[in-house]
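>
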Amino acid sequence: MNALVLAFLNSWRGLRHGARTERAVRQELVLLAVGVPVALLLGATLWVRVALMVSLLLMLAAEFLNTAVEKLCDHVHPSHHPMIGRVKDLASAGTFMAQVAALLVWMAALVERLG
């Protein structure tokens, strides 16, 4: 049980640090805060509501992983390096794919609700 509490505290510190220091994380946290009530209203069924909320959480998770990769790259190699740039671009592409997936889920829910 102690390990679970410690893991939660580590995650909480990471969440707080990301919210304090990263603009993209703050923007996606605002999206999550706005998106959860909208998902509850927009979703026609329980599973649509869950999919809407999960898509936002996955988008935020990808942003945290991207931020971690960028911070690690900057620590390992502070000056510009082409290979580090490619690693950062790949991590950024991962966040973009998560955003596209969230957009598709939200568009599908909207079409289903209006159609």
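Its first residue numbered 2, the sequence shown is counted upward by one per residue in my numbering. Positions of the beta carbon are idealized from the N, C-alpha and C atoms, including for glycine. This structure is a prediction, so every number in the text was calculated from the model and none was measured.
Decide if A4 is buried, meaning its Cβ has at least 16 other Cβ atoms within 10 Å, or exposed.
exposed
> Here's the rule I'm using: 16 or more other beta-carbon atoms within 10 Å means buried, otherwise exposed. How should M84 be labelled?
Exposed, since its Cβ has fewer than 16 Cβ neighbours within 10 Å.
> Roughly how far, in whole angstroms, is the beta-carbon of G44 from the beta-carbon of A110, given that I think they are within contact range, below 8 Å?
6 Å
> State buried or exposed for E64, treating a residue as buried only when at least 16 other CB atoms are found within 10 Å of its CB.
Classification of E64: buried, given that the 10 Å Cβ count is 16 or more.
> What's the gap between the Cα of W107 and the Cα of L61?
15 Å
> Taking the C-alpha atoms as reference points, what is the distance between A40 and L47?
10 Å
> Label L53 either buried or exposed according to how many other C-beta atoms from any shown protein chain fall within 10 Å of its C-beta, with 16 as the threshold for buried.
buried
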